[in-house]
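Trainee: Before we start, here is the structure in question, set down as structure tokens.
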Amino acid sequence: MSPLQISPYTVLPALCCWLCVALPHCHATSWPSFRGHGAVGRAPSARLPTTWDVESKVNILWCTPIPGLAHSSPIVWRDVVIVTTAVSREPAPELKVGLYGDIASVSSEPEHQWQVHSLDRDTGRMLWSTTVAAGVPHMRRHPKSTHANATPATDGNHIVAFFGAEGLWCLDFSGNILWRTNPGPLDSGYFRRPSAQWGFGSSPVIHKGRVIVQCDVQGESFIAVYNIDNGSEILRIPRDEVPTWSTPVIHTVGDRDQIIVNGFRHIGAYDLITGKPVWRLRGGGDIPVPTPVISAGIVIVTNAHGKSSPICAIRADAAGEIKLGAGDDDLLWHHRTGGAYMQTPLVVDGLLYVCQDHGVLTCYQADTGDIVYRVRLSDEPTGFTASAVCAGDLLYYASEVGDVYVVMAGRDYRLVARNSMNDTCMATPAIAGDTLYVRTQHHLFAIGDSPDE
Numbered sequence: 005m006s007p008l009q010i011s012p013y014t015v016l017p018a019l020c021c022w023l024c025v026a027l028p029h030c031h032a033t034s035w036p037s038f039r040g041h042g043a044v045g046r047a048p049s050a051r052l053p054t055t056w057d058v059e060s061k062v063n064i065l066w067c068t069p070i071p072g073l074a075h076s077s078p079i080v081w082r083d084v085v086i087v088t089t090a091v092s093r094e095p096a097p098e099l100k101v102g103l104y105g106d107i108a109s110v111s112s113e114p115e116h117q118w119q120v121h122s123l124d125r126d127t128g129r130m131l132w133s134t135t136v137a138a139g140v141p142h143m144r145r146h147p148k149s150t151h152a153n154a155t156p157a158t159d160g161n162h163i164v165a166f167f168g169a170e171g172l173w174c175l176d177f178s179g180n181i182l183w184r185t186n187p188g189p190l191d192s193g194y195f196r197r198p199s200a201q202w203g204f205g206s207s208p209v210i211h212k213g214r215v216i217v218q219c220d221v222q223g224e225s226f227i228a229v230y231n232i233d234n235g236s237e238i239l240r241i242p243r244d245e246v247p248t249w250s251t252p253v254i255h256t257v258g259d260r261d262q263i264i265v266n267g268f269r270h271i272g273a274y275d276l277i278t279g280k281p282v283w284r285l286r287g288g289g290d291i292p293v294p295t296p297v298i299s300a301g302i303v304i305v306t307n308a309h310g311k312s313s314p315i316c317a318i319r320a321d322a323a324g325e326i327k328l329g330a331g332d333d334d335l336l337w338h339h340r341t342g343g344a345y346m347q348t349p350l351v352v353d354g355l356l357y358v359c360q361d362h363g364v365l366t367c368y369q370a371d372t373g374d375i376v377y378r379v380r381l382s383d384e385p386t387g388f389t390a391s392a393v394c395a396g397d398l399l400y401y402a403s404e405v406g407d408v409y410v411v412m413a414g415r416d417y418r419l420v421a422r423n424s425m426n427d428t429c430m431a432t433p434a435i436a437g438d439t440l441y442v443r444t445q446h447h448l449f450a451i452g453d454s455p456d457e
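Numbering (our numbering), first residue to last: 5 to 457.
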């Protein structure tokens, strides 16, 4: 598919969009990308229910079936919710969830359609659905993965959807395709066993008219920066890196916008304009998944696989080469173990919450790394893949079997409630206004306080 001519935008809508981004109210009522604004996973002013019931529909505002198979999170802008999915021509096999170490890919799959859906935020009614591509997937996936893992992103005028080896698309809010580009083959798999392909997972980020994608894959890894108006490539930053599944974060230090990335060989920051490395840290888990978290001038990075599972706290204004255990002033603290394999951490009121894939939740003092408490969320052997989100002082942790644990933020562990979605849950929830949007394997739920009868 060749890039399409972009519809012209008038100055007024662009100005309104800019004002909306700048206003705190819009931040409270929108969730434009993976883990929301700045990937922090927080909606400080949101007031969400602590309990709900899917069967009786208590505090379930609406529930809409979503076809296909996807782990991408919903995003919210103004009055619409956007989700992506990959729909197989034949019934897809059940996701193989749980705690296990099988690295094999799904052997073969039929033709798929890659789709972007828009839903009415108030009712869950499907507004439009656009199929951006169709065909046999270029790459295979892990039995726990899908062909639509990357969360879309929006700036209020554009919707960017990334399907890995299938391509990167930009749509408008009517579902029209504005442009498409193909970053390359993007073979995501275990670098120690290249035949094990697991599916692409890094989500796109939009910043100041640029689309940033982290493409750490088998072969030549890179970060690409595209013009959001026409899809032209502005910058391609080569990386000496194995496949990762982490989403980058944009952080401004002084007058410099930086791309912050996780990695095995190269955790670090790059200048968004020049692509030059700003700082670099080597050493960690060899299958990096969590997104870096930035809070109060600290960049927190964790990953876990192989021999190492570190948690590192780095000064946001760091520069140059940083080494673990070398007494580097830019490395504020680190733990060599205890890091998260799948989940991106949360920082709330100076406390860092790290949940591992077997459900062990550890609370740290974010500025020192001191352990505040450590507990196991579930007494059952269940996996945790979706990253937690926070509304006000409530943390929401979804297990793979669909149990959502509501935990009170603070120095003392307090489990407030446990709610079942009655379905597999691998996607990170979204929060907009006073509504929690939870995507399960088969449905998208809007959860909020039910209006009085």
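For each residue, glycine too, the CB sits at the ideal point set by N, CA and C.
Determine the burial state of Met130: buried for a count of at least 16 other Cβ atoms within 10 Å of its Cβ, exposed for fewer.
Mentor: Flag for Met130 reads exposed.
Trainee: Once the 5 residues before and after Asp159 are set aside, which same chain residues still bring their CB inside 6 Å of it?
Mentor: For Asp159, where only same-chain residues beyond five positions count, the Cβ hits under 6 Å are Ile210.
Trainee: Of all the beta strand (DSSP E) runs that stay within the bounds of the stretch 210-258, which reach a length of 3 or more residues?
Mentor: For the stretch 210-258, whole beta strand (DSSP E) runs of length 3 or above, ordered along the chain, are 214-219, 225-231, 237-243 and 253-257.
Trainee: Check each candidate in Phe166, Arg284, Leu123 and Lys212 and name the one with the smallest Cα separation from Ser178.
Mentor: Nearest option by C-alpha distance: Leu123.
Trainee: For Trp35, which residues does DSSP report across the bridge?
Mentor: In DSSP, Trp35 forms a bridge with Val80.
Trainee: Please classify Asp383 as buried or exposed, where buried requires at least 16 neighbouring CB atoms within 10 angstroms.
Mentor: Exposed, since its Cβ has fewer than 16 Cβ neighbours within 10 Å.
Trainee: Tell whether a beta-carbon distance below 8 Å holds between Val217 and Leu172.
Mentor: It is a contact, given that the beta carbons lie within the stated cut-off.
Trainee: Would you report the Cα separation of Ile277 and His270, rounded to the nearest angstrom?
Mentor: Distance between the alpha carbons of Ile277 and His270: 19 Å.
Trainee: For Ser250, collect the residues of the same chain with a Cβ closer than 7 Å to its Cβ; drop the 5 residues on either side in sequence, then sort them by chain order.
Mentor: Around Ser250: Ser206, Gln218, Val265, Asn266, Pro292, Val293, Pro294 and Thr295.
Trainee: Roughly how many whole angstroms lie between the Cα atoms of Phe449 and Glu94?
Mentor: Approximately 25 Å between the Cα atoms of the pair.
Trainee: Helix, strand or coil: which one does DSSP assign to Ala138?
Mentor: If DSSP states are grouped into helix, strand and coil, Ala138 belongs with the strands.
Trainee: Buried or exposed: where does Thr341 fall if 16 or more other Cβ atoms within 10 Å of its Cβ makes it buried?
Mentor: By the 10 Å Cβ count, Thr341 comes out exposed.
Trainee: Go ahead and pull the three-state DSSP assignment for His446.
Mentor: Residue state, collapsed to three classes: coil.
Trainee: Kindly indicate which three-state DSSP category Glu170 falls into: helix, strand or coil?
Mentor: Helix.
Trainee: Let me know the secondary structure DSSP gives Gly90 once reduced to three states.
Mentor: First, the amino acid is wrong: residue 90 is Ala here, not Gly. Three-state DSSP puts Ala90 in a strand.
Trainee: Could you tell me if Tyr104 is buried or exposed, where buried requires 16 or more neighbouring beta carbons within 10 angstroms of its beta carbon?
Mentor: Under this definition Tyr104 is an exposed residue.
Trainee: Please classify Glu237: is it buried, with 16 or more other beta-carbons within 10 angstroms of its beta-carbon, or exposed?
Mentor: Exposed, since its Cβ has fewer than 16 Cβ neighbours within 10 Å.
Trainee: Rounded to a whole number of angstroms, what is the C-alpha to C-alpha distance between Ser37 and Val297?
Mentor: Between Ser37 and Val297, the C-alpha separation is close to 14 Å.
Trainee: Per the contact definition of three or more C-beta pairs closer than 8 Å, is the stretch 36-55 in contact with the stretch 394-413?
Mentor: Touching, yes.
Trainee: Classify Ala43: buried if its beta carbon has 16 or more other beta carbons within 10 angstroms, exposed otherwise.
Mentor: Ala43 should be labelled buried.
Trainee: Output the boundary residues of the beta strand (DSSP E) element that contains Ile291.
Mentor: Neither: Ile291 is in no beta strand (DSSP E) and is coded neither H nor E.
Trainee: Taking the beta strand (DSSP E) that Met412 belongs to, which residues open and close that run?
Mentor: Asp407 to Met412 is the extent of the beta strand (DSSP E) around Met412.
Trainee: Report, in whole angstroms, the separation of the C-beta atoms of Asp208 and Phe268, which I expect to be a contact under 8 Å.
Mentor: Note on residue identity: the sequence assigns Pro, not Asp, to residue 208. The Cβ separation is near 21 Å, so there is no contact.
Trainee: Assuming Arg422 is part of the beta strand (DSSP E), what are its boundary residues?
Mentor: It spans Leu419 to Ser424 - the beta strand (DSSP E) in which Arg422 sits, taken as one unbroken run.
Trainee: Buried or exposed: where does Thr134 fall if 16 or more other Cβ atoms within 10 Å of its Cβ makes it buried?
Mentor: Buried: at least 16 other Cβ atoms inside 10 Å.
Trainee: Might you give, ordered along the chain, the residues of its own chain that have their beta carbon closer than 6 Å to the beta carbon of Arg39, omitting 5 neighbours on each side?
Mentor: The answer, listed in chain order, is Gly45.
Trainee: With distances taken Cα to Cα, identify the nearest neighbour of Tyr368 among Gly387, Gly343 and Pro385.
Mentor: With distances taken between Cα atoms, Tyr368 lies closest to Gly343.
Trainee: Applying the 10 Å Cβ sphere with the 16-neighbour rule, what's the burial state of Asn63?
Mentor: Asn63 is buried by the Cβ-count criterion.
Trainee: If you follow the beta strand (DSSP E) that Arg380 is in, where does it begin and where does it stop?
Mentor: Looking at the DSSP string, the run of the beta strand (DSSP E) that includes Arg380 is Ile375 to Arg380.
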